[in-house]
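Going by the numbering used here, the sequence shown opens with residue 1, and the numbers climb by one from there. Glycine included, every Cβ here is placed at the ideal spot set by N, Cα and C.
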Amino acid sequence: MVKDQEVERIARKLDKMVQKKSTDNALDLLRELKNINMSLETLQSTRVGMSVNAVRKQSSDEEVQTLAKTLIKSWKKLLEGSEEKKKDGSPVRSSSTSKDYGSSEKGKSSEGPPSTPTSPTTTTLSQVTSFPPASVTMGCVRSKSRELLVAALQTDDDHKAIRVDCEHLAAQIEEQIFQEFKSTDMKYKTRLRSRISNLKDQKNPELRRNVLCGNISPHRIACMTAEEMASAELKQMREALTKESIRQHQLSKVGGTETDMFICSKCHGKSCTYTQVQTRSADEPMTTFVLCNDCGNRWKLTSTGVARPTDQLTQNPRSRRSSTARGLREVSRSMASALVVLSSVL
């Protein structure tokens, strides 16, 4: 009785902290709870689990959150152990109701009228709304999940031909998923939905048959990815798309000849690729375009051998023609002087 009063006092203080949105002294109270040897009856009567959980959600202190989670996990184990002892094939809620009713009747006959009147309805309601019976909801979610897995495994008549116990197999698959997440949170439900949808897929009967035959173990199907569970047709389609994507990324660049005869003006590297293109009339020399393989710098070589950046290709065509004319005049002068020398020799 003294222990219940102490736990109830701590629970009230925690509730006030949550209302005031101030959890400064919550760590000391949680340490007091940790030192108390808690029983299932104390948890249900004081509802201290709900208070601790509320403090855990509101507090930003990591130590408070860690200690609160530790307490909640230990109390959940206490409840699960009690449920395993009470389990006799009937629903948990109905059995707890009948036992609570019998215990309340015995209390009334032996001790006389209690100070606060109780009834089976109020006792059951307090148990449902308090913290520990949250795992009862967890049990309901797991039971429903197993039912959905059984329905998925029985989509066709394969299970009849193979003669496999679908209920036992579904329980094994669900147990493997639950052991991974240790709760029935969103990750647990998402994992289950993906298993169920793939097992029910009419276009992917091989997956279901492999699970029923045992080629894919319950542990394996519980942790397979969506790509691994996909049908053979879908896998081939994905493989083709992957190859096509790789092929497009590995396409060779525009043709050219690699050489080390040119020097990049930016990085001074010699690893270059050049291409010669006829950009003018046929009687004029070809233009050489050079690409630096190291830094990506591009430039061109004009007819006079002068290197120019490729952005100068957009300059005025008249200026390009004048520079070409000057170059031709220089060539003609040099040829004329050469002819004079030859004539004098002859």
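Bounds of the alpha helix (DSSP H) holding Gln44 are 40 to 46. The straight-line gap separating the alpha-carbon atoms of Leu207 and Lys200 is approximately 9 Å. Phe178 sits in a helix when the DSSP states are folded into three classes.
Here DSSP, grouped into helix, strand and coil, assigns Glu228 to helix. Fully contained in the stretch 263 to 289 are the following beta strand (DSSP E) runs of length 3 or more, in chain order: 272 to 277. With contacts defined by Cβ atoms closer than 8 Å, Val48 and Leu33 form a contacting pair. The straight-line gap separating the alpha-carbon atoms of Glu62 and Leu192 is approximately 31 Å. CA-to-CA, the gap between Ala26 and Thr184 works out to about 28 Å. Glu258 is bridged by DSSP to Thr273. Along the length of the stretch 178 to 225, whole alpha helix (DSSP H) runs at least 4 residues long occupy 186 to 200, 205 to 213, 218 to 223, reported in chain order. By the criterion of a C-beta distance shorter than 6 Å, Ala222 is surrounded in its chain by Ile173, Gln176, Ile177, once the five residues flanking it on both sides are discounted. According to the DSSP assignment, Arg31 belongs to the alpha helix (DSSP H) that extends over 26 to 35. For Asp158, the enclosing alpha helix (DSSP H) begins and ends at 158 to 162.
Look at Ser74 here: in three-state DSSP terms it is helix. Straight-line spacing of the CA atoms in Lys20 and Ala11 works out to 14 Å. Sequence-distant Cβ neighbours of Val64 in its own chain, meaning closer than 8 Å and more than five residues away, are Thr23, Ala26, Leu27, Leu30, Val55, Arg56. Around the beta-carbon of Thr259, fewer than 16 other beta-carbon atoms lie within 10 Å, marking it exposed. Sixteen is the threshold: when 16 or more other Cβ atoms of the shown chains lie within 10 Å of the Cβ of Asn198, as they do, the residue is buried. In this structure, the alpha-carbon of Gln278 lies about 16 Å from that of Trp299. Check the Cα spacing between Trp75 and each of Met50, Arg9, Gln58: the tightest is with Met50.
Between Gly296 and Tyr274, the CB-CB gap reaches or exceeds 8 Å. When secondary structure is reduced to three states using DSSP, Lys69 falls in the helix class. With a beta-carbon spacing of about 34 Å, Leu241 and His159 fall beyond the 8 Å limit used to define contacts. A residue is called buried when at least 16 other Cβ atoms come within 10 angstroms of its Cβ; Ile196 meets this threshold and is buried. Here Ile36 is exposed. Its C-beta has fewer than 16 other C-beta atoms within 10 Å.
When rounded, the separation of the alpha-carbon atoms in Ser194 and Leu234 is 16 Å. Contact check for Ala170 and Arg146: beta-carbon distance about 5 Å, within the 8 Å limit, so the pair qualifies.
For Lys21, the secondary structure class from DSSP, reduced to helix, strand or coil, is coil. Excluding residues up to 5 positions away in sequence, Asp4 lie with their Cβ nearer than 7 Å to the Cβ of Ser45 in the same chain.
Closest in alpha carbon position to Val52, among Thr288, Asp157, Ser265, Asp15, is Asp15. The DSSP-derived three-state label of Ser145 is helix.
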